[in-house]
Amino acid sequence: MLTIKNLHAEVEGKKILKGINLEINKGEMHAIMGPNGSGKSSLASVLAGRDNYTVTEGEVWFNGKNLLDMAPEERAREGVFLAFQYPVEIPGVSNLNFLKTALNEIRAYKGLPALEAREFLKLTKEKQQLVDFHSNLMNRSLNEGFSGGEKKRNEIFQLAMLDPQLAILDETDSGLDIDALRIVSNGVNKLRDAEKSFVVITHYQRLLEYIIPDFVHVLYNGRIIKTGTKELALELEERGYDWLKEELHLKESV
Amino acid sequence: MINSNEIIDDIANKEYEFGFSTDIEMDIAPPGLNEDIIRFISAKKNEPEWLLEWRLKGFAAFKKMEFPKWQHFEMPKLDLQALSYYAAPRKKKQLNSLDEVDPELLATFAKLGIPLNEQKALTGVAVDAVFDSVSVATTFKGKLKEMGVIFCSFGEAVQEHPDLVKKYLGSVVPHTDNIFAALNAAVFSDGSFVYIPKGVRCPMELSTYFRINAQNTGQFERTLIIADDNSYVSYLEGCTAPMRDENQLHAAVVELIALEQAEIKYSTVQNWYPGDKDGKGGIYNFVTKRGICKGAASKISWTQVETGSAITWKYPSVILQGDHSEGEFYSVAVVRNKQIADTGTKIHHIGKGTKSRIISKGISAGRGDNSYRGLVSVGPRADNARNFTQCDSLLIGNQCGSHTFPYIESRNKTAMIEHEATTSKIGEDQIFYLNQRGIDSEKAVALIVNGYVKEVLNQLPMEFAVEAQKLLSITLEGSVG
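Protein chains in written order, with the working numbering: chain A, 185 to 438; chain B, 15 to 495.
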């Protein structure tokens with residue numbers, strides 16, 4: 185579904201990604217871990233198409249289409265969803281109106297008619313329950329005055345509503361207390377199915393106790409330096425990243 | 015991917031939708047401003063002697079006045095002698111019904127989406143259409159007449175209802191008020207007249223649609239609305255003009271009079287030609303609008319959506335003379351390219367227990383410059399007067415300007431005056447967030463802007479709110495920063 189080949193990217197002339205290779209198939213859950221500044225969030229931004237990132241080398245294919253050729257909204261309509269690390273606030277635009285616009289844009293792209301108000305509200309209710317999202321947040325302005333946890337839950341709620349093929353969760357666990365973490369993780373787990381793939385970016389193994397990954401990748405200095413299964417995450421939790429860095433330097437100096 | 019600068023440039027190139035001109039036979043007076051032309055206009059309109067005298071007094075006042083200097087923009091050079099002060103579609107004979115209106119004219123209004131044909135009008139809005147200087151058609155007159163509502167062109171009112179006109183003309187905006195009001199008094203061409211009798215709730219929206227077509231003319235119409243005791247009227251005003259390289263002056267005067275417990279709601283969607291991306295051409299919209307709540311517990315509410323004009327310069331105001339009367343001002347002003355807006359309101363609290371509410375939303379894009387200027391004054395007699403002002407600015411891009419000049423004068427200790435102001439910017443982060451949910455940048459801006467102005471648009475009658483919303487989306491198309 186998603187193929188990343190030798191991806192290089194920079195921000196303001198600074199090299200951030202230095203040759204990422206990654207293959208994600210339908211229904212897989214990939215976790216990307218790594219120390220601060222290793223390029224985890226940059227990878228998410230590049231995939232979503234944030235315009236201050238320049239791709240200097242490499243390719244990204246999504247369902248056979250060149251993702252890098254697409255504007256951010258096209259990528260979204262094709263089925264790439266980014267749950268933001270820091271969701272923005274948009275005063276005056278209600279959560280409901282925003283979601284309706286987004287959903288109908290995506291539907292129009294797929295040649296589907298806009299959802300009628302009744303169907304839309306029904307869907308909203310259903311998904312609210314699925315991810316345990318408070319209905320009183322629906323009519324509020326988008327993320328305005330939401331607590332950190334509410335914002336993250338809103339991201340997962342939007343994920344449920346827009347039903348993408350690929351969801352990238354950028355440090356969705358940061359700033360969540362243990363209860364909120366459990367609610368968010370439960371929501372994600374309920375959304376898992378054979379068609380949908382996930383990339384979960386996180387600092388901590390904690391999240392992966394709730395969301396069990398099929399693969400764990402360690403990103404360091406703009407490259408994936410190790411890939412394993414969920415056991416790798418446990419090992420990282422225990423030993424930190426230093427041993428991997430040393431391993432890498434040993435390899436490189438040989 | 016398009017970067018934000020390109021997108022900002024894009025709006026500049028967005029064409030003005032209503033920029034066509036109509037080829038029609040016109041009577042146009044030679045250019046020049048003098049007593050002769052004033053007499054000519056007055057004679058053309060078959061006016062009584064008192065009105066000609068009033069015009070001449072206006073002209074005398076005008077000659078003694080100078081252009082103001084306090085505004086937050088450079089006063090453009092206006093050559094008032096180069097303008098023609100009378101332009102009218104040539105009529106073969108007196109018109110008795112709409113069928114006799116020049117089909118070319120009807121076609122023009124149809125193109126503008128203004129239904130003049132009563133049979134086909136679905137919206138239940140009575141329209142007075144003013145083409146250049148002359149009112150060409152007023153719809154639904156018969157139906158209104160049954161209820162005693164007078165809705166006609168100003169010229170007709172002078173002929174048919176001279177007493178009402180004489181009593182109220184200049185009573186809110188005197189001919190000496192300011193230089194443009196004085197000019198208007200001298201050369202005003204036509205406009206609309208409304209009288210709502212005692213106890214009548216006007217059954218439909220009344221609307222005037224102004225269209226400037228002729229070249230090198232100014233438009234100087236006058237609107238006079240009188241709501242007698244316990245009556246209600248909602249009045250709408252819309253305007254467009256062709257694209258021309260030279261600037262055109264629009265110096266109108268609007269006077270509203272609300273008697274005891276009467277309510278007047280006046281809404282404007284202003285979309286005069288704004289000039290091109292370099293600021294060439296466009297309308298100078300220098301208008302004096304003022305209402306007086308003469309009677310106790312009366313109410314006047316101004317709502318304006320200003321998206322057009324090279325320069326918009328106006329302060330729709332309310333004099334709260336009657337005890338417990340109420341004034342409101344809701345405004346959205348949008349500038350882009352090199353447009354300038356210096357607009358706001360003046361509310362004078364004179365009567366006891368008077369209340370006012372001001373909600374102003376300024377949106378600046380491109381190299382536009384937007385100023386809110388407002389005065390809230392409370393007189394010594396206005397015990398327990400209340401005012402609430404909220405004044406918000408939204409910036410799009412980094413080349414635009416936004417300014418706020420609030421003036422508060424209180425001479426009564428019991429008055430309570432509140433002023434809130436915010437400035438915000440549509441951020442790239444916000445746009446990207448919406449992009450990432452499948453919404454393109456233009457729609458994203460429209461979504462944010464419509465959210466921002468919702469409070470004001472909610473004040474407009476339904477059809478106009480929809481139109482205004484569309485207009486805002488078109489106006490700001492591509493303006494992302």
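Heads up, the beta-carbon is just placed ideally off N, CA and C, and yes, glycines get one too.
Which residue from Leu299(A), Ile340(A), Lys380(A) puts its Cα closest to that of Asn370(A)? Ile340(A)
Buried or exposed: where does Phe246(A) fall if 16 or more other Cβ atoms within 10 Å of its Cβ makes it buried? buried
Any beta-carbon of chain B closer than 8 Å to the one on Val402(A)? no
Which bits of chain A does Gly465(B) rub up against, with CB to CB less than 8 Å? Ile274, Pro275, Gly276, Val277, Ser278, Asn281, Ser325
For the alpha helix (DSSP H) containing Trp64(B), name the first residue and the last one. 63 to 78
Chain A partners of Tyr447(B), CB-CB under 8 Å? Phe268, Pro271, Val272, Ile274
For Thr437(B), collect the residues of the same chain with a Cβ closer than 6 Å to its Cβ; drop the 5 residues on either side in sequence, then sort them by chain order. Ser407
Indicate whether at least one CB of chain A lies closer than 8 Å to the CB of Lys181(B). no
Locate the alpha helix (DSSP H) running through Tyr394(A), then write down its first and last residues. 390 to 394
When you compare each of Met322(A), Met213(A), Lys199(A) to Glu241(A) by their alpha carbons, which one comes out closest? Lys199(A)
Sequence-distant residues of its chain with Cβ nearer than 7 Å to Phe268(A) (five each side left out): Glu339, Asp354
Could you pull out every residue in the same chain whose Cβ sits closer than 6 Å to the Cβ of Tyr344(B), ignoring the five residues on either side in sequence? Thr317, Ile373, Val470, Gln473
In the DSSP assignment, find the alpha helix (DSSP H) that holds Ile193(B) and state where it starts and stops. 193 to 201
Unbroken alpha helix (DSSP H) run spanning Ala460(B), endpoints: 455 to 471
Tyr421(B) versus Gly289(B) - alpha carbon distance: 31 Å
Report the option in Gly211(A), Gly223(A), Met217(A), Tyr293(A) whose CA atom is closest to the CA atom of Arg451(B). Tyr293(A)
For Ile210(B), the nearest candidate out of Gln275(B), Asp191(B), Asn261(B) (CA to CA): Gln275(B)
Less than 8 Å between CB atoms is the rule here; does Ala286(A) satisfy it with respect to chain B? yes
If contacts are defined as beta-carbon pairs under 8 Å, then Cys307(B) and Val267(B) qualify, I think. What distance do you get, rounded to the angstrom? No, Cys307(B) and Val267(B) are not in contact; Cβ-Cβ is about 18 Å, not under 8 Å.
Of the choices Gln233(B), Gln262(B), Lys279(B), Glu67(B), whose alpha-carbon is the least far from that of Tyr249(B)? Lys279(B)
What are the start and end residues of the beta strand (DSSP E) that includes Ser369(A)? From DSSP, Ser369(A) is part of no beta strand (DSSP E) but of the alpha helix (DSSP H) over 362 to 375.
The alpha helix (DSSP H) spanning Phe154(B) covers which residue range? That residue, Phe154(B), is in no alpha helix (DSSP H); it is neither H nor E in DSSP.
Flag Ile260(A) as yes if its beta-carbon sits less than 8 Å from any beta-carbon of chain B, otherwise no. Checking the sequence, you will find Ala at residue 260(A) rather than Ile. Yes, because at least one Cβ of chain B sits closer than 8 Å to the Cβ of Ala260(A).
Return the CA-CA distance between Ala228(A) and Val348(B), expressed in angstroms with no decimal places. 36 Å
Which whole-angstrom value describes the C-beta separation of Glu256(A) and Asn261(B), a residue pair presumed to lie in contact below a C-beta threshold of 8 Å? According to the sequence as given, residue 256(A) is Pro; it is not Glu. At roughly 41 Å, the Cβ-Cβ gap does not stay under 8 Å, so Pro256(A) and Asn261(B) are not in contact.
Sort Val172(B), Phe419(B), Asp454(B), Lys181(B) by Cα distance to Lys360(B) and report the nearest one. Phe419(B)
Just verifying my parser: in three-state terms, what is the DSSP assignment at Tyr447(B)? helix
Can you list the residues of chain B that Ala232(A) reaches, using a CB-CB cut of under 9 Å? Phe446, Asn449, Gln450
Alpha-carbon spacing of Arg395(B) relative to Lys335(A), whole angstroms: 51 Å
Starting from the C-beta of Val319(B), find all residues in its chain whose C-beta is less than 6 Å away, skip the five residues before and the five after it, and write them out in chain order. Val283, Val346, Ala482
Whole-Å CB distance - His401(A) paired with His214(A), under 8 Å assumed: 7 Å
Taking one C-beta from the stretch 197 to 212 of chain A and one from the stretch 307 to 318 of chain A each time, how about it: are there three or more such pairs within less than 8 Å? no
For Leu266(A) and Pro217(B), what's the separation of their Cα atoms in angstroms? 52 Å
Using the beta-carbon count (16 or more within 10 Å), is Arg261(A) buried or exposed? buried
Under 8 Å by beta carbon: chain B residues contacting Ile200(A): Ordered by position in chain B, no residue passes the 8 Å Cβ test against Ile200(A), which lies about 17 Å from the chain.
By a C-beta neighbour count over all protein chains shown, 10 Å radius and 16 as the cutoff for buried, is Met345(A) buried or exposed? buried
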